[in-house]
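A.B. asks: The structure's right below; bear with me while I get my questions together.
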Amino acid sequence: MPLATTDKVSLFAEGAVSTARLIAYLTLAMIVMVIDHRGSYLERLRLFASTIVEPIYRAAALPSDVARAGSLAIATQSHLVDENRSLREALLLAQVRLNRMSALSAQNDRLKKLLDVQKDLGLGVQLARLIDIDLDPFRHRIVLDAGSAQSISVGQPVLDAHGVMGQIVEVLPNTSVAMLVTDPTHAIPVMIERTGLRTIAYGTGSIDRLQLPNIPISADIKVGDALVTSGLGGRFPAGFPVGEILEISNDESGMFAAAIARPAAALDRSGEVLLLQDLPQPVGPPAPLDAASPDADRDPDTSGHP
Numbered sequence: 001m002p003l004a005t006t007d008k009v010s011l012f013a014e015g016a017v018s019t020a021r022l023i024a025y026l027t028l029a030m031i032v033m034v035i036d037h038r039g040s041y042l043e044r045l046r047l048f049a050s051t052i053v054e055p056i057y058r059a060a061a062l063p064s065d066v067a068r069a070g071s072l073a074i075a076t077q078s079h080l081v082d083e084n085r086s087l088r089e090a091l092l093l094a095q096v097r098l099n100r101m102s103a104l105s106a107q108n109d110r111l112k113k114l115l116d117v118q119k120d121l122g123l124g125v126q127l128a129r130l131i132d133i134d135l136d137p138f139r140h141r142i143v144l145d146a147g148s149a150q151s152i153s154v155g156q157p158v159l160d161a162h163g164v165m166g167q168i169v170e171v172l173p174n175t176s177v178a179m180l181v182t183d184p185t186h187a188i189p190v191m192i193e194r195t196g197l198r199t200i201a202y203g204t205g206s207i208d209r210l211q212l213p214n215i216p217i218s219a220d221i222k223v224g225d226a227l228v229t230s231g232l233g234g235r236f237p238a239g240f241p242v243g244e245i246l247e248i249s250n251d252e253s254g255m256f257a258a259a260i261a262r263p264a265a266a267l268d269r270s271g272e273v274l275l276l277q278d279l280p281q282p283v284g285p286p287a288p289l290d291a292a293s294p295d296a297d298r299d300p301d302t303s304g305h306p
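Just so you know, we're using UniProt numbering here: the sequence shown kicks off at 1 and counts up by one.
See the structure below:
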């Protein structure tokens, strides 16, 4: 019975036979390399081997590729979310700035109109700003940022760039309260600009309506006629726009006509107003000439002699 041996024959074991075998293998390898380099005989074999081995490489790299792609997708989504949030904030800020610029442009236009009105009037006026408004149906008042410290007094007319708004009814040290022409307790003498007919315009409690009752049935009045202040009563100087006739109808008795007018002033939109200052007209004869003036030294001689 042969004995089992645990000795293993090594390709590169020590000894002359092993050395010769190694030299033979190396020589064969060099010959194959030279022949392949010269004639590329093993190219097809390498391509075939690569075709077989490539799916194995891809399968081995698949987990790593999936993990890398997932990480990139998460990072990209997070970046897009942050960028989207930044863009929304920038858009909101730009919109706020645009709205602010529009508001400032509109305010500049209103101030320019008020300054133009001031130049055209040739009267003493004072600019004030609205700080509060009360449009209760039974009370139409506005609060201005000027009072007795700014020489405001009760009764001063209040105008905007379009027409008469009302008059001052209460004055505090640094603020004042004005009653609008649409207040139910307000009345203003007006005149039909086209015909010169005088009447009274009363507030209705509606911000866009004035009423003109007790107009003679035979009066020449038409829809679209402009109403201006008549100057009667001495409160409002003559010639300022008050409103425009919208409707005309007969009253219940049939003896008088009644009209509805739209206020000329932008009562619910104006932010700045003009306060007319009281400039009384001189009454009586002119003041006597100063005794030191050249004309005073001249003897008034009516005889015709020099």
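By construction, the Cβ of each residue, glycine as well, lies at the ideal position given by its N, Cα and C atoms.
Could you pull the start and end residues of the beta strand (DSSP E) that His162 belongs to?
C.D. replies: In the sequence shown, the residue the question calls residue 162 occupies position 162. From DSSP, His162 is part of no beta strand (DSSP E); its letter is neither H nor E.
A.B. asks: Between the alpha carbons of Arg198 and His186, how many angstroms are there, rounded?
C.D. replies: As a working note, residue 198 is residue 198 in the sequence shown. As a working note, residue 186 is residue 186 in the sequence shown. Distance between the alpha carbons of Arg198 and His186 is about 17 Å.
A.B. asks: Under DSSP, the beta strand (DSSP E) around Phe256 begins and ends at which residues?
C.D. replies: Along the sequence shown, one-based indexing puts residue 256 at 256. Looking at the DSSP string, the run of the beta strand (DSSP E) that includes Phe256 is Phe256 to Pro263.
A.B. asks: I'd like the list of long-range same chain contacts for Asp132, defined as Cβ closer than 8 Å, with 5 residues on each side in sequence excluded.
C.D. replies: Here residue 132 is taken as the residue at index 132 of the sequence shown, counted from 1. Answer for Asp132: Ile142 and Val143, listed in chain order.
A.B. asks: Contact criterion: CB-CB distance below 8 Å. Does Glu193 meet it with respect to chain D?
C.D. replies: As a matter of chain content, chain D is missing from the structure shown, which is built from one protein chain.
A.B. asks: For Asp268, count neighbouring C-beta atoms within 10 Å of its own C-beta (all shown protein chains included) and say buried if the count is 16 or more, exposed if not.
C.D. replies: Numbered from 1 along the sequence shown, position 268 holds the residue referred to as residue 268. Looking at its Cβ environment, which holds fewer than 16 other Cβ atoms inside 10 Å, Asp268 is exposed.
A.B. asks: By DSSP's criteria, Met191 is part of a beta bridge. Which residues make up the other side?
C.D. replies: In the sequence shown, the residue the question calls residue 191 occupies position 191. Arg198 and Val228.
A.B. asks: Determine, using beta-carbon pairs with one atom in the stretch 196-212 and one in the stretch 152-159, whether at least three such pairs fall under 8 Å.
C.D. replies: Segments in contact, no.
A.B. asks: Checking 8 Å against the spacing of the C-beta atoms, do Val228 and Pro241 come in under that value?
C.D. replies: Here the question's residue 228 lines up with position 228 in the sequence shown. Here the question's residue 241 lines up with position 241 in the sequence shown. Contact flag set, yes.
A.B. asks: Would you decide whether Thr175 is buried or exposed? Buried here means 16 or more other CB atoms lie within 10 Å of its CB.
C.D. replies: Residue numbering aside, residue 175 sits at position 175 when the sequence shown is read from its first letter. When all chains shown are included, Thr175 counts as buried.
A.B. asks: Between which residues of its own chain and Ala194 is the CB-CB distance below 6 Å, once the five residues before and five after are set aside?
C.D. replies: Reading the sequence shown from its first residue, position 194 is the one you call residue 194. A small fix is needed here, since residue 194 is Arg in this sequence, not Ala. Once the five neighbours on either side are set aside, the close Cβ partners of Arg194 are Asp225.
A.B. asks: Quick check on Leu172: does DSSP put it in helix, strand or coil?
C.D. replies: Position 172 of the sequence shown, counted from the start, is the residue given in the question as residue 172. Here Leu172 sits in coil by DSSP.
A.B. asks: CB Asp109 to CB Ala128, shorter than 8 Å?
C.D. replies: Looking up residue 109 in the sequence shown gives position 109. Looking up residue 128 in the sequence shown gives position 128. Contact flag unset, no.
A.B. asks: Can you name the start and end residues of the beta strand (DSSP E) that Ala128 belongs to?
C.D. replies: Working through the sequence shown from its first residue, we reach residue 128 at position 128. Note, Ala128: beta strand (DSSP E), Val125 to Asp136.
A.B. asks: Would you call Leu79 buried or exposed, if buried means 16 or more other Cβ atoms sit within 10 Å of its Cβ?
C.D. replies: For the purposes of this step, residue 79 is identified with residue 79 of the sequence shown, where counting begins at 1. Per the sequence presented here, residue 79 reads as His, with Leu not at that position. It counts as exposed.
A.B. asks: Skipping 5 residues on each side, what residues in its chain have a beta carbon closer than 7 Å to that of Ala261?
C.D. replies: Taking the sequence shown and counting its residues from 1, the one referred to as residue 261 is at position 261. These residues qualify, in order along the chain: Ala201, Leu210, Leu212, Leu227, Gly243, Glu244, Ile245 and Leu246.
A.B. asks: What does the Cβ neighbour count give for Ser86, buried or exposed, with the cut at 16 atoms within 10 Å?
C.D. replies: Here residue 86 refers to the residue found at position 86 when the sequence shown is read from its first residue. That one is exposed.
A.B. asks: Which class does Pro280 belong to by DSSP, given the choice of helix, strand or coil?
C.D. replies: Residue mapping note: residue 280 aligns to position 280 of the sequence shown, counting from 1. Annotation note: pLDDT 49 at Pro280 (below 50); position unreliable, coordinate value reported separately. Pro280 falls in the coil class under three-state DSSP.
A.B. asks: Can you tell me whether DSSP reads Gln95 as helix, strand or coil?
C.D. replies: By one-based count along the sequence shown, residue 95 stands at place 95. Gln95 falls in the helix class under three-state DSSP.
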